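Residue numbers (the numbering used here): 14 to 274.
Yeah, the Cβ is synthetic: ideal placement off N, Cα and C, and Gly gets one too.
Just so we're clear, the structure is a prediction, and the values are computed from it rather than from any experiment.
Some notes on the structure that comes next.
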């Protein structure tokens with residue numbers, strides 16, 4: 014993994030908790046998970062499975078960001094939150110569950126809205142960025158920061174019975190903006206408006222979030238093959254994945270952003 018050293022000071026992980034995954038990537042891979050630091054933007058339908066599986070796998074440091082509070086309508090899919098959490102900050106509720114799940118890791122909650130002005134401070138020393146968001150404007154801020162700081166960026170989105178995910182690496186392949194040019198993402202005025210209510214099946218978020226977590230674990234442990242330049246689209250009504258090849262745009266501003274940092 015070609016990343017600067019994380020400042021996570023987690024000790025060597027005990028083996029019993031991770032016995033079932035050690036045969037897959039050994040103690041070296043498990044130590045990489047323990048040393049990893051991951052910033053997850055979103056503690057909702059996607060953030061719940063992503064954060065849960067990363068915590069369970071032994072990722073040493075997780076920073077969970079969300080500025081929303083838990084609402085009863087969240088409970089069909091956002092399983093980090095329970096009935097008793099209604100009215101609480103999602104980040105705090107989620108961090109509490111992750112700590113209970115695996116008290117051997119560090120979990121930090123951030124109850125703030127992500128902006129261009131505060132993103133550097135909020136992400137801090139986390140070396141991996143996870144997009145579990147539900148709006149394009151914030152995604153663009155997050156993706157731009159990942160490009161500027163040469164961090165891997167793991168994207169996912171869901172709606173109804175459908176979802177998608179893609180992984181973007183600083184050292185190889187296209188970036189988020191190659192897949193989703195800014196002029197195709199809707200305007201900022203729409204993003205600033207009140208969020209529309211969209212239908213979503215909880216299982217869809219679970220499937221896509223789990224796949225996203227799987228790609229992150231593979232990346233950290235150097236297991237399997239990286240899916241560079243591929244957008245995976247899931248249709249839950251037909252149980253089919255479509256894979257779209259993402260072309261690296263020569264005119265994409267990701268190159269200028271990387272060079273200007």
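Taking a contact to mean a Cβ-Cβ separation below 9 Å, would you say residue 176 touches residue 151 in this structure?
Counted from its first residue, the chain shown places residue 176 at position 163. Counted from its first residue, the chain shown places residue 151 at position 138. By the CB criterion at 9 Å, residue 176 and residue 151 fall outside the cutoff.
Three or more C-beta pairs below 8 Å linking the segment 53-70 and the segment 133-152
The segment 53-70 makes contact with the segment 133-152: 3 or more CB pairs, one atom from each, lie closer than 8 Å.
Here's a check: name, in chain order, each residue in its chain whose Cβ is nearer than 6 Å to the Cβ of residue 178, leaving out the five neighbours to either side.
Reading the chain shown from its first residue, position 165 is the one you call residue 178. If we look at residue 178 and ignore the five residues flanking it on each side, its Cβ neighbours are 169, 221, 224, 225 and 245.
Which residues does DSSP pair with residue 127 in a beta bridge?
Counting from 1 along the chain shown, the entry for residue 127 is found at position 114. Answer is none; residue 127 lacks a bridge partner.
Which word fits residue 85, buried or exposed, when buried means at least 16 other C-beta atoms lie within 10 angstroms of its C-beta?
What you label residue 85 is simply residue 72 of the chain shown in a count that begins at 1. It counts as exposed.
Just tell me which of 46, 135, 141 and 116 has its CA closest to the CA of residue 125.
As a working note, residue 125 is residue 112 in the chain shown. Distance check between residue 125 and each of 46, 135, 141 and 116 places 135 closest, using alpha-carbon atoms only.
Out of 181, 99, 79 and 80, which has the shortest C-alpha to C-alpha gap to residue 87?
Numbered from its first residue, the chain shown carries residue 87 at position 74. Considering only alpha carbons, the answer is 99.
Select from 248, 241, 229 and 261 the residue whose C-alpha is nearest the C-alpha of residue 66.
The residue labelled residue 66 in the question sits at position 53 within the chain shown. Per the Cα distances, 229.
Residue 190 vs residue 164 beta-carbon contact at 9 Å:
Translated into the one-based positions of the chain shown, residue 190 becomes position 177. Translated into the one-based positions of the chain shown, residue 164 becomes position 151. With a cutoff of 9 Å on beta-carbon distance, residue 190 and residue 164 are scored as not near each other.
My output table needs one value for residue 215: the three-state DSSP class, helix, strand or coil.
For the purposes of this step, residue 215 is taken as residue 202 along the chain shown, with counting starting at 1. In this structure, residue 215 counts as helix in the three-state DSSP scheme.
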